[in-house]
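In the working numbering, the protein residues as written are 65 to 589.
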Amino acid sequence: MLLAIVKDLLSFFDLLKLSGCLFTMISTEILYFYDYVQNLSDTTLTKELSECLTNSLNRSQTSNIRPNSYGVEGALFGDEGKGAVMAKINHQLYEKHHQLYSLRYNGGGNAGHEAVFNGLTVVTHQLPMAIAQEGATAIISRGMVIHPTELIVEMDAVEQSLGTKLPANLLIDGFTPLALDTHRAIEKIYKQDLPGSKGSTGRGIAPAYSSLLLRNAVFFNDLFEPDYQEIFGNHYDFCEKQLWGFGANLAEISVYNMKESLKSSKPVERPVGTKREFIEKLELCREVLKPHLLKDAYHLLGTVWNNPSIPITFEGAQGMGLDPYHGVYPDVTASRPGSNFISDATYGRIIPNEIAYRMGTLKTYTSSVGCRNLPNVKNEQWETDIQIEFKEKGKSTGRLRGISPIPLSILEYLRRVAGYDFLAVTHLDAIRPNQPMRVITHYSDRKSGLETPYIPYQQMLNNLDAHCIEFAGCDEAKTIKAKNLKDLPPEIKRCLLFLSRTIAPTIYSTHGPDLEDYISCLPGL
Numbered sequence: 065m066l067l068a069i070v071k072d073l074l075s076f077f078d079l080l081k082l083s084g085c086l087f088t089m090i091s092t093e094i095l096y097f098y099d100y101v102q103n104l105s106d107t108t109l110t111k112e113l114s115e116c117l118t119n120s121l122n123r124s125q126t127s128n129i130r131p132n133s134y135g136v137e138g139a140l141f142g143d144e145g146k147g148a149v150m151a152k153i154n155h156q157l158y159e160k161h162h163q164l165y166s167l168r169y170n171g172g173g174n175a176g177h178e179a180v181f182n183g184l185t186v187v188t189h190q191l192p193m194a195i196a197q198e199g200a201t202a203i204i205s206r207g208m209v210i211h212p213t214e215l216i217v218e219m220d221a222v223e224q225s226l227g228t229k230l231p232a233n234l235l236i237d238g239f240t241p242l243a244l245d246t247h248r249a250i251e252k253i254y255k256q257d258l259p260g261s262k263g264s265t266g267r268g269i270a271p272a273y274s275s276l277l278l279r280n281a282v283f284f285n286d287l288f289e290p291d292y293q294e295i296f297g298n299h300y301d302f303c304e305k306q307l308w309g310f311g312a313n314l315a316e317i318s319v320y321n322m323k324e325s326l327k328s329s330k331p332v333e334r335p336v337g338t339k340r341e342f343i344e345k346l347e348l349c350r351e352v353l354k355p356h357l358l359k360d361a362y363h364l365l366g367t368v369w370n371n372p373s374i375p376i377t378f379e380g381a382q383g384m385g386l387d388p389y390h391g392v393y394p395d396v397t398a399s400r401p402g403s404n405f406i407s408d409a410t411y412g413r414i415i416p417n418e419i420a421y422r423m424g425t426l427k428t429y430t431s432s433v434g435c436r437n438l439p440n441v442k443n444e445q446w447e448t449d450i451q452i453e454f455k456e457k458g459k460s461t462g463r464l465r466g467i468s469p470i471p472l473s474i475l476e477y478l479r480r481v482a483g484y485d486f487l488a489v490t491h492l493d494a495i496r497p498n499q500p501m502r503v504i505t506h507y508s509d510r511k512s513g514l515e516t517p518y519i520p521y522q523q524m525l526n527n528l529d530a531h532c533i534e535f536a537g538c539d540e541a542k543t544i545k546a547k548n549l550k551d552l553p554p555e556i557k558r559c560l561l562f563l564s565r566t567i568a569p570t571i572y573s574t575h576g577p578d579l580e581d582y583i584s585c586l587p588g589l
């Protein structure tokens, strides 16, 4: 009787979430449901997972939904496997439709997305992952910031990884702001004096985005203007004046050098150089990058979006837990990682709520780099095992990622503000006999003991205690062999049903790096 009541309550909770109500489950309901799923048979687990997904699909498919549209974003703090999910979905779509447009809508060289194509590993930072999909059109949008010289280095690196010319057609919106060595120099000096900059990647992302608000941004278009030398000379002079106030000489400040870093497999720096040297480096980009200039992104995006027979995907960088308004401030990024902000990157041509399948990616554990300090229940052996087994290092920084349980209250908060409808759960193969899926159900105030919600500031988290539950692991070989939801071990289904009912329905999952290592419940794929 109690189990039936719990199930009815959770169905009601699902309806509230899907109807847009700002409803958050409290720990009592979470723990009731945890106990509930532990007692379900394999058959019932499969049935409830299917029902949860079917009901969500039926409720979300309204007349204003644009078919053949998919968004992939980070549900937590980045490092959730977005690159691999994006690569798999792009591949499936192209195989079916023989055409594909894919747009990345935020971030810059601070991203590190990785995927495996026929045994070949591709890592992207500024490039959309669709660059590795033969026949696709990969678009860098104005929601990003890009470093042009390193974009060329990255293009060459992808070609070397695949042993061929870039498989996809690359287009770059002319109004994409640039993140140059000058921005990196400013960020480096900031890191010495501002505590909030300690966790930055050193790629100049925040200064580049801030230039938009200061109304002095330089854009990709500017590289091809007749007076480009004057434009970038004035930009250099302005940055030089800024740094003079810190007692720093812009020309002598050393910043990240991607080309040499790739050769040595560790971060290498180079001086920004004089104004003449700075402009000469940019001059070398003009001929290589001009064929990729997209002069009229507004009309191209409108044309593609208004033709529902063309599949289109949207790739986010970082995770919603790094959003400047909703992440653990001050350890946040400067861009808006949530798919709710796709309209900003696309001139309002694409409305996020019209995207058919918006997915928040989530590992079966939390991994992240940065200086945030989340309330935690430590298990050092579990954390070390995952770090070693899954090579948990940042693709942009090389920093070892911290490992912790999935923080449910943070996920609930971020899902509401991000607006995604479904989960893509990665690393199912990390759930093993000695590596259970661990979940932080809620936080409580250290003094009063009262349950306390996530509020996105580090100072609000410092005095909280975390409360953890565990889901039993299983033989990962059984997980890897599964080709559909029904074939998954019951231990994995319990984890997915729990996440589906407390956060969002799991519509996609992965259990390995290769293009075929997935289980899809996406209609038509």
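Glycine residues also receive a C-beta, built at the ideal position from the N, C-alpha and C atoms.
Since the model is a prediction, treat every value here as computed from it, not as a measurement.
Output the distance between the C-alpha atoms of residue 229 and residue 148, rounded to the nearest integer angstrom. 21 Å
Just the C-alpha distance for residue 580 and residue 331, rounded to the nearest angstrom, thanks. 33 Å
Please tell me whether residue 570 and residue 560 are closer than 8 Å, where the distance is taken between their beta carbons. yes
Judging by CA-CA distance, which residue of 567, 588, 557 is the nearest neighbour of residue 112? 557
So is residue 363 buried or exposed if we call it buried at 16+ other beta carbons inside 10 Å? exposed
So, for residue 322: in the same chain, excluding its five sequence neighbours on each side, which residues have a beta-carbon less than 6 Å away from its beta-carbon? 214, 217
Do three or more CB pairs link the region 367-386 to the region 246-259 at distances below 8 Å? no
Bridge partners for residue 288 per DSSP, in chain order? DSSP output for residue 288 lists no bridge partner at all.
Run the CB neighbour count on residue 545, radius 10 Å, all protein chains shown included, and call it buried at 16 or more, exposed below. exposed
Whose C-beta lies closer than 8 Å to the C-beta of residue 592 among residues of the same chain, with five residues either side of it excluded? Look at the range of the chain in this structure, 65 to 589, and you will see that residue 592 is not part of it.
Beta-carbon gap between residue 565 and residue 485 smaller than 8 Å: no
Would you kindly work out how many angstroms separate the C-alpha atoms of residue 100 and residue 94, rounded to a whole number? 10 Å
Count the other CB atoms, across all protein chains shown, that sit within 10 Å of the CB of residue 588; report buried if there are 16 or more and exposed otherwise. exposed
For the region 523-564, which segments carrying the beta strand (DSSP E) assignment without a break, of at least 3 residues, lie completely within its bounds, in sequence order? 528-535
Do you know how far the Cα of residue 378 is from the Cα of residue 464? 28 Å
Continuous alpha helix (DSSP H) stretch holding residue 322: start and end: 322-328
Looking at C-beta atoms only, is the number of pairs between the region 388-408 and the region 367-377 that lie closer than 8 Å three or more? no
Select from 156, 206, 420 the residue whose C-alpha is nearest the C-alpha of residue 582. 156
Give the range of the beta strand (DSSP E) segment to which residue 214 is assigned. Per DSSP, residue 214 belongs to no beta strand (DSSP E); it is in the alpha helix (DSSP H), 212-226.
Distance between residue 177 and residue 400 (C-alpha atoms, nearest Å): 17 Å
Quick one, which of 199, 527, 426, 151 has its alpha-carbon nearest residue 182's? 151
Return the CA-CA distance between residue 522 and residue 426, expressed in angstroms with no decimal places. 22 Å
The ligand FAD and residue 445: does any heavy atom of the ligand fall closer than 7 Å to the residue's C-beta? Annotation note on the ligand FAD: not contained in the displayed structure, which lists no ligands.
Between 527, 480, 110, 391, which has its C-alpha nearest residue 142's C-alpha? 391
Using the beta-carbon count (16 or more within 10 Å), is residue 577 buried or exposed? buried
Are residue 222 and residue 200 closer than 8 Å when you measure CB to CB? no
Could you tell me which residues DSSP puts in a beta bridge with residue 237? 358
Quick check: the Cα distance between residue 466 and residue 288, rounded to an integer number of angstroms? 43 Å
If you run the structure through DSSP and keep just helix, strand and coil, what is residue 491? coil
I believe residue 381 touches residue 154 by the beta-carbon criterion, under 8 Å. Please report the beta-carbon distance rounded to the nearest angstrom. Actually they do not touch by this definition, with Cβ atoms about 16 Å apart.
Just list the alpha helix (DSSP H) runs in the region 93-172, keeping only unbroken ones of 4 residues or longer that don't cross its boundaries, in chain order. 106-124, 146-161
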